[in-house]
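Worksheet: one structure, shown below.
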Amino acid sequence: MFVCLGNINRSAFGHAVAQRHGLASTSFGLATTTGAPATPAARRVAGEMGYSLDEHRATAIADFQRTPGDLLLVMELRHAHRLIARGVPADAIALLGHWARPMHYHIHDPDTLSIEYFRSCFETIQAAVHGLAAELQAGDSPSAKA
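Residues 8 to 153 (our numbering) make up the sequence shown, in order.
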């Protein structure tokens, strides 16, 4: 489960990359409105990288149903803190950037920033999801890294 604030950039893209790897996943936002589309910049950069966010619609945390065994992949430590404050066990949360090389413990929100930063951000997310997928395909169970 990919988590960020708006679910219109980072977590939406992480979900798209995970789907390409055949990973069961979804995404949601901690401060969003369900139904909001991905931003034009996110759609553009995702498209340049071979992914489509055209059909993506945001899901607010209030509309998300967590199930036992879900691993919530956050972009920033403050996202983990917000989830813990809502009762999510800390061991069910991980910083997505842990799987990027080099590691990125804070994947900054690209919203309102340059297209160049969007590219850098999405490259980090793609690398992290690739790293996570490789760990899962090797039969390892990703442990919470928040």
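Beta carbons: idealized from backbone N, C-alpha and C, even for Gly.
Buried or exposed by the 16-neighbour rule on C-beta atoms within 10 Å, applied to Ile-114: What you label residue 114 is simply residue 107 of the sequence shown in a count that begins at 1. Under this definition Ile-114 is a buried residue.
At least three beta-carbon pairs within less than 8 Å, the stretch 85 to 92 to the stretch 120 to 133: no
Alpha carbon of Leu-143 to alpha carbon of Thr-40, nearest angstrom: As a first step, residue 143 must be located in the sequence shown, where it is residue number 136. As a first step, residue 40 must be located in the sequence shown, where it is residue number 33. One C-alpha to the other measures close to 32 Å.
Segments of 3+ residues assigned as beta strand (DSSP E) that fall wholly inside the stretch 63 to 112: 79 to 81 and 100 to 102
C-alpha gap between Glu-62 and Pro-109, whole angstroms: Taking the first residue of the sequence shown as position 1, residue 62 is located at position 55. Taking the first residue of the sequence shown as position 1, residue 109 is located at position 102. Rounded to whole angstroms, Glu-62 to Pro-109 spans 31 Å at the Cα level.
Candidates Ala-38, Phe-20 and Gly-76: closest to Ala-101 by CA position: As a working mapping, residue 101 is identified with position 94 in the sequence shown. Out of Ala-38, Phe-20 and Gly-76, Gly-76 has the C-alpha closest to the C-alpha of Ala-101.
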